[in-house]
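Engineer: Residue numbers (our numbering): 1469 to 1575. Where is the CB? At the ideal position from N, CA and C, for every residue including glycine. These numbers come from a predicted model, not from an experiment.
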Amino acid sequence: MTTLQKKKTMTKKKLINSISQERKLHPNDVRGVIQSFLEKMIHCLSEGERLEFRDFGVFEVVERKQKIGRNPKNPDVPITIPARQAVKFTPGKKMKKLIEKPINGEY
């Protein structure tokens, strides 16, 4: 994607409407399923579980180590960034294949 192309955003509302139209389901039914799915994902990740969806990818909680950063306003003063838990996403084979295309035919 070049810097001149504007990125589109798929919101939850747009996703609900899209699925609703494709599957001919009421938007409230789709909204309920999507919201339940997202809440279940959050719950599983907060419990330390790993979520694996074939071809799509894997979500897992990883520990980010403590590190030293710099304040952009005062680069001479180091800042300690504490260790923390973070969610890591690793794309699956199908997603990688579709997304990691060469730009302008280059590789």
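What is the residue span of the alpha helix (DSSP H) that Leu1483 lies within?
Structural biologist: In the sequence shown, counting from the first residue as 1, residue 1483 sits at position 15. Leu1483 -> alpha helix (DSSP H) spans Lys1480 to Arg1491.
Engineer: Taking all protein chains shown into account, decide if Val1498 is buried (16 or more other Cβ within 10 angstroms of its Cβ) or exposed.
Structural biologist: Working through the sequence shown from its first residue, we reach residue 1498 at position 30. Buried.
Engineer: With distances taken Cα to Cα, identify the nearest neighbour of Lys1462 among Ile1549, Pro1543, Lys1492 and Arg1522.
Structural biologist: The question about residue 1462 has no answer here: the residues shown for the chain are numbered 1469 through 1575.
Engineer: Which two residues bound the contiguous alpha helix (DSSP H) that contains Phe1505?
Structural biologist: As a first step, residue 1505 must be located in the sequence shown, where it is residue number 37. Its alpha helix (DSSP H) spans residues Pro1495 to Ser1514.
Engineer: In the DSSP assignment, what are the bridge partners of Thr1477?
Structural biologist: Mapped onto the sequence shown, residue 1477 falls at position 9. Bridge partners of Thr1477: none, in fact.
Engineer: With DSSP collapsed to three states, give me the class of Lys1569.
Structural biologist: Locating residue 1569 in the sequence shown gives position 101, counting from the first residue. Three-state result, Lys1569: coil.
Engineer: Figure out for me which residue from Phe1557, Lys1492, Leu1519 and Val1555 has the closest Cα to the Cα of Phe1505.
Structural biologist: Numbered from 1 along the sequence shown, position 37 holds the residue referred to as residue 1505. If we check each option's Cα against that of Phe1505, Leu1519 comes out closest.
Engineer: For Ile1510, count the other beta carbons within 10 Å of its own beta carbon; 16 or more makes it buried, fewer makes it exposed. Which is it?
Structural biologist: Within the sequence shown, the letter at position 42 stands for residue 1510. Burial call: exposed.
Engineer: Could you spell out the range, first to last residue, of the beta strand (DSSP E) harbouring Asp1523?
Structural biologist: For the purposes of this step, residue 1523 is taken as the residue at position 55 of the sequence shown. It is not in any beta strand (DSSP E) - Asp1523 carries neither H nor E in the DSSP assignment.
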